[in-house]
């Protein structure tokens, strides 16, 4: 099943698009697919980003994306 | 049972206000909004856009928030209020969009009967906002280069 990836801030700049659809089964597959599609800059942003899976913070490791419809890529925060 | 004023105010639910938005921030107005009769101390932190970073001149600056930013800053403000039982009010407002040098990006205010609780809670509030609210900052330098702060 396909899901929508939404990029924010430096992730959007590195991906070159604000969002896109793809079909992957796990977080590891997602990171590999996005890195292959968009290159080293997004890969390095992904390595320090957190993910929201349908609005919930993803736990570390290779989580399943079964049933997940939306993944948000959140680079390190820099507010304040 | 006899209760002193201080002991009684400890169990009053603190007032909490928080937001993320594009509107210009006025620290004096935020302070005025949270002042009340029982507060003997107010500590206000203003995060201000500065004109340099890493030794370079900053010419332009933009903050971007995730759609959940307003909810997250509200949760943090309530958590700080809960974790610092002496505080009477907590206010936290973060501005997003294009800001100019000297603009206020963040206002954080804590009030309490005595100063120590306000100092401690306000520092805690600012640290938690910086660590936990999904907000990003893009800096443009006067040589035309730019960076997303804290990100490769």
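Residue numbers (this note's numbering), protein chains in the order written: chain A, 206 to 285; chain B, 5 to 156. Backbone N, C-alpha and C fix where the C-beta goes; we use that ideal spot for every residue, glycine too.
Within 10 angstroms of the Cβ of residue i, are there 16 or more other Cβ atoms? Answer buried if so, exposed if not.
i: residue 147 of chain B; result: exposed
i: residue 115 of chain B; result: buried
i: residue 143 of chain B; result: buried
i: residue 52 of chain B; result: exposed
i: residue 243 of chain A; result: buried
i: residue 70 of chain B; result: buried
i: residue 353 of chain A; result: In the structure displayed, chain A extends from 206 to 285; residue 353 of chain A sits before or after that span and is not available.
i: residue 262 of chain A; result: exposed
i: residue 272 of chain A; result: exposed
i: residue 222 of chain A; result: exposed
Quick check: the Cα distance between residue i and residue j, rounded to an integer number of angstroms?
i: residue 211 of chain A; j: residue 276 of chain A; result: 6 Å
i: residue 90 of chain B; j: residue 40 of chain B; result: 14 Å
i: residue 139 of chain B; j: residue 118 of chain B; result: 32 Å
i: residue 108 of chain B; j: residue 76 of chain B; result: 20 Å
i: residue 178 of chain B; j: residue 121 of chain B; result: Because chain B is modelled from 5 through 156, residue 178 of chain B falls outside the range shown and cannot be assessed.
i: residue 280 of chain A; j: residue 48 of chain B; result: 28 Å
i: residue 247 of chain A; j: residue 220 of chain A; result: 6 Å
i: residue 249 of chain A; j: residue 96 of chain B; result: 32 Å
i: residue 88 of chain B; j: residue 127 of chain B; result: 11 Å
i: residue 230 of chain A; j: residue 238 of chain A; result: 11 Å
i: residue 28 of chain B; j: residue 206 of chain A; result: 43 Å
i: residue 78 of chain B; j: residue 215 of chain A; result: 25 Å
i: residue 218 of chain A; j: residue 136 of chain B; result: 22 Å
i: residue 18 of chain B; j: residue 82 of chain B; result: 9 Å
i: residue 112 of chain B; j: residue 26 of chain B; result: 16 Å
i: residue 145 of chain B; j: residue 92 of chain B; result: 41 Å
i: residue 73 of chain B; j: residue 154 of chain B; result: 18 Å
Helix, strand or coil for residue i? Go by DSSP, reduced to three states.
i: residue 233 of chain A; result: helix
i: residue 100 of chain B; result: coil
i: residue 207 of chain A; result: strand
i: residue 29 of chain B; result: coil
i: residue 94 of chain B; result: strand
i: residue 270 of chain A; result: coil
i: residue 75 of chain B; result: helix
i: residue 13 of chain B; result: Low per-residue confidence applies at residue 13 of chain B: pLDDT is 49, beneath 50, and the placement is therefore not dependable, though the value from the model is reported in the following sentence. It is helical.
i: residue 105 of chain B; result: coil
i: residue 243 of chain A; result: helix
i: residue 136 of chain B; result: helix
i: residue 255 of chain A; result: strand
i: residue 54 of chain B; result: coil
i: residue 204 of chain A; result: Given a span of 206 to 285 for chain A in the structure shown, any question on residue 204 of chain A remains unanswerable.
i: residue 228 of chain A; result: strand
i: residue 113 of chain B; result: strand
i: residue 63 of chain B; result: strand
i: residue 49 of chain B; result: strand
For residue i, which of the options has the nearest alpha-carbon?
i: residue 100 of chain B; options: B:110, B:54 and B:92; result: B:110
i: residue 124 of chain B; options: B:28, B:94 and B:104; result: B:94
i: residue 287 of chain A; options: A:268, A:233 and A:208; result: Given a span of 206 to 285 for chain A in the structure shown, any question on residue 287 of chain A remains unanswerable.
i: residue 228 of chain A; options: A:270, A:278 and A:282; result: A:270
Members of the stretch 129-156 of chain B near chain A, C-beta cut-off 8 Å: 130, 133, 134, 135, 136, 137, 138, 139, 140, 141, 142, 152, 153, 154, 155 and 156
Chain A contacts made by the stretch 100-119 of chain B, where a contact means CB separation under 8 Å: 109 and 110
Members of the stretch 231-250 of chain A that neighbour chain B once the beta carbon cut-off is set at 7 Å: 249 and 250
Contact set between the stretch 40-64 of chain B and chain A, restricted to residues whose Cβ is under 8 Å from the partner: 51
Residues of the stretch 78-100 of chain B whose Cβ lies closer than 8 Å to any Cβ of chain A, in chain order: 98
Residues of the stretch 19-32 of chain B with Cβ closer than 9 Å to any Cβ of chain A, in chain order: 24
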